[in-house]
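One structure is given here, and the rest of the page talks about it.
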Amino acid sequence: MAKKERINFSKIGAIAAATGSAVGLGNILRFPYLLGESGGGAFLLVYILCVVFLGLPVMISEFSIGRMAQANAAGSFRTLAPKSKWWLVGLMGVISAFLILGFYVVVSGWTLEYIVQALSNKFANASTAQLNQVFTDFSTNTYRPVGWMLLFTALTCFIIIAGVKNGIEKSTKLMMPLLFLIIIILGIRSITLPTGTEGLKFLFKADFGKINSEVILSAMGQAFFSLSLGMGCMITYGSYINKDNNLSSTALQVTIFDMLVAVLASIAIFPAVFSFGINPAQGPELVFITLPNIFSRLHGGYIWAVMFFVLLALASLTSTISLLEVIVAFLTEELHISRAKAAIVSSLGIALLGILSSFSLGIWKDFSLFGYGFFALFDSITSKILMPVGGIFISLFVGWRIDKQKILLELSSNGKYKIPFLNIFLLITRYLAPLAILLVLLNQLGLTKWLGF
Ligand code: TRP
9 MAKKERINFS
19 KIGAIAAATG
29 SAVGLGNILR
39 FPYLLGESGG
49 GAFLLVYILC
59 VVFLGLPVMI
69 SEFSIGRMAQ
79 ANAAGSFRTL
89 APKSKWWLVG
99 LMGVISAFLI
109 LGFYVVVSGW
119 TLEYIVQALS
129 NKFANASTAQ
139 LNQVFTDFST
149 NTYRPVGWML
159 LFTALTCFII
169 IAGVKNGIEK
179 STKLMMPLLF
189 LIIIILGIRS
199 ITLPTGTEGL
209 KFLFKADFGK
219 INSEVILSAM
229 GQAFFSLSLG
239 MGCMITYGSY
249 INKDNNLSST
259 ALQVTIFDML
269 VAVLASIAIF
279 PAVFSFGINP
289 AQGPELVFIT
299 LPNIFSRLHG
309 GYIWAVMFFV
319 LLALASLTST
329 ISLLEVIVAF
339 LTEELHISRA
349 KAAIVSSLGI
359 ALLGILSSFS
369 LGIWKDFSLF
379 GYGFFALFDS
389 ITSKILMPVG
399 GIFISLFVGW
409 RIDKQKILLE
419 LSSNGKYKIP
429 FLNIFLLITR
439 YLAPLAILLV
449 LLNQLGLTKW
459 LGF
């Protein structure tokens, strides 16, 4: 069978696309809170160690698998380990992509509602109680969030239909610089507030007393989710990276950018929160209630609010396209469905999951499966089970199954680059990463504090 040349990202395109995947709601909704609550500078240190010793090697592994095989997540395992069951790891990734999108698009849709609210100056002069009410009314409403979710899913679908070059590469090359510009401006605005330096001190003051095994494991989990690892996203994108590009330096740049946005988001949010003496809420409330509250009191709050929610929407969109591409690459290559058909069919499936998720916060609040509403269920299955399991198998695959020489050739682009860290890399993929991720998995299965949503 003559092999068709696979579509390739340009060097910048690869970085933009992969950074776009990594930078998402995880960086802006979750990381700042973890940093503020779990020991500030001490947490940052732990997080950086997790990213460097765990996230980076797993990302390099995923890139290598994809580029070596030149195929989608499941196809890659099938190509590299024919006549074995390894392809199931890829299939699990495709299923994970569905489930992640099933709740992610709901929150992504909220960002569109909030752009509109910011544009129509809804936050000005609103009291905390009112903002609270607005968010609760909106997120539990039956139709409105679903409408935005459908729009967001359709947007993602359009970009994917446009293709790897004209859709993913072009759009992320446009959106990512804009995202960086916005977050830098928001960061500067925050530290120049009267109490900006105090906020920074609170945020980064290292409190090692707060570091315990629970915090370390949550840092690992966050690193995994934030870097889009463990479910074949980076395998799929890796398959589009040009053979001449240096995989490890691409992965390094992506991880640095991802951390940078997480830290900048914290800087943009926290000093402002503290300068108004507001208690930082967790997760969505922080962004959808506390921040509008702050924007309403800030000089020029209108423009900051618009910028912030545009930032959130951009970060979401570049992540949802990477997730949809995992599914579409699989469907087109394995089941030979056309790209447009694959994108539309999978988007319809995602929309259905999205409706279930959205309803589970409102009219179906009392309905639960295994103790979870749909939203929390999709979130939990993926981040607590599927992604850690995927991560373990991906590391083991690169560490044990693929020939060391083949890995060296892939990482060095056939000898073009020097790879002095090969042995450390293999040590991590063989032992450290699988064991560390196993700990995360066991912790999440056994010691879950989460009962319900
Ligand atoms: N990394 C993104 C975030 O932080 C979300 C995301 C995109 C993701 N692709 C993924 C998470 C693949 C896990 C796996 O929001």
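Just so we're aligned: 9 in my numbering is position 1 of the sequence shown, and the numbers increase by one with no gaps anywhere. Where is the CB? At the ideal position from N, CA and C, for every residue including glycine. It should be emphasised that the depicted structure is a prediction, and the values quoted were computed from it without experimental measurement.
What separation, rounded to the nearest whole angstrom, lies between the Cα atoms of residue i and residue j?
i	j	result
leucine 306	valine 295	15 angstroms
serine 84	leucine 187	32 angstroms
lysine 298	isoleucine 286	Note on identity: in this sequence residue 298 is threonine, with lysine being the wrong assignment. If I take the Cα positions, the gap works out to 8 angstroms.
leucine 430	serine 257	14 angstroms
leucine 268	glycine 49	14 angstroms
glycine 217	leucine 139	35 angstroms
asparagine 16	asparagine 250	5 angstroms
serine 420	glutamate 45	41 angstroms
tyrosine 112	lysine 414	36 angstroms
tryptophan 118	alanine 321	9 angstroms
alanine 348	serine 226	38 angstroms
alanine 81	leucine 356	21 angstroms
serine 18	threonine 27	14 angstroms
isoleucine 123	isoleucine 402	38 angstroms
alanine 351	phenylalanine 210	45 angstroms
glycine 229	glycine 63	10 angstroms
leucine 434	valine 31	27 angstroms
isoleucine 196	alanine 276	7 angstroms
lysine 457	arginine 14	Residue confidence for lysine 457 is low, a pLDDT of 48 falling below 50, so the modelled location carries little weight; the figure read from the coordinates is stated next. Answer to the nearest angstrom: the Cα atoms are 46 angstroms apart.
serine 327	methionine 184	11 angstroms
For the ligand TRP, I want to know if residue i counts as a neighbour, meaning its beta carbon is within less than 8 angstroms of at least one of the ligand's heavy atoms.
i	result
serine 365	no
tyrosine 112	yes
valine 31	yes
methionine 183	no
phenylalanine 233	yes
glycine 49	no
glycine 63	no
alanine 259	no
methionine 100	no
glycine 291	no
glycine 362	no
cysteine 58	no
alanine 24	no
serine 221	no
cysteine 241	yes
methionine 67	no
alanine 105	yes
Within the same chain, show all residues whose beta-carbon is closer than 7 angstroms to that of residue i, passing over the 5 residues directly before and after it, in chain order.
i	result
valine 281	Pro288, Thr298 and Ile302
alanine 181	A small fix is needed here, since residue 181 is lysine in this sequence, not alanine. These residues qualify, in order along the chain: Ile20, Gly21 and Ala24.
asparagine 451	Leu225
alanine 444	Leu62 and Met228
Kindly list the residues whose CB is nearer than 6 angstroms to the CB of residue i, restricted to its own chain and excluding five residues on each side of it in sequence; keep chain order.
i	result
leucine 109	Leu331 and Ile358
phenylalanine 382	Leu364, Ser365 and Ser368
valine 154	Ile363 and Ser366
leucine 99	Ala82
threonine 203	Ser283
Kindly list the residues whose CB is nearer than 8 angstroms to the CB of residue i, restricted to its own chain and excluding five residues on each side of it in sequence; keep chain order.
i	result
isoleucine 219	Ser46, Gly47, Ala50, Phe51 and Val54
phenylalanine 146	Trp118, Glu121, Arg152 and Pro153
Step through the CB atoms of chain C and report whether any lies within less than 9 angstroms of the CB of residue i.
i	result
alanine 321	Within the model displayed, chain C is absent; a lone protein chain is all it includes.
Contained alpha helix (DSSP H) runs [length at least 4] in the region 364-428, N- to C-terminal order:
List check, alpha helix (DSSP H) in window: 382-388, 395-404 and 412-419.
Residue ranges of each alpha helix (DSSP H) within the region 13-38, 4 or longer
19-30
Continuous alpha helix (DSSP H) assignments of at least 4 residues falling wholly in the region 320-364:
none
Runs of alpha helix (DSSP H) wholly within the region 261-330 (minimum 4 residues, chain order):
299-305
Whole runs of the beta strand (DSSP E) within the region 224-263, excluding any shorter than 3 residues:
none
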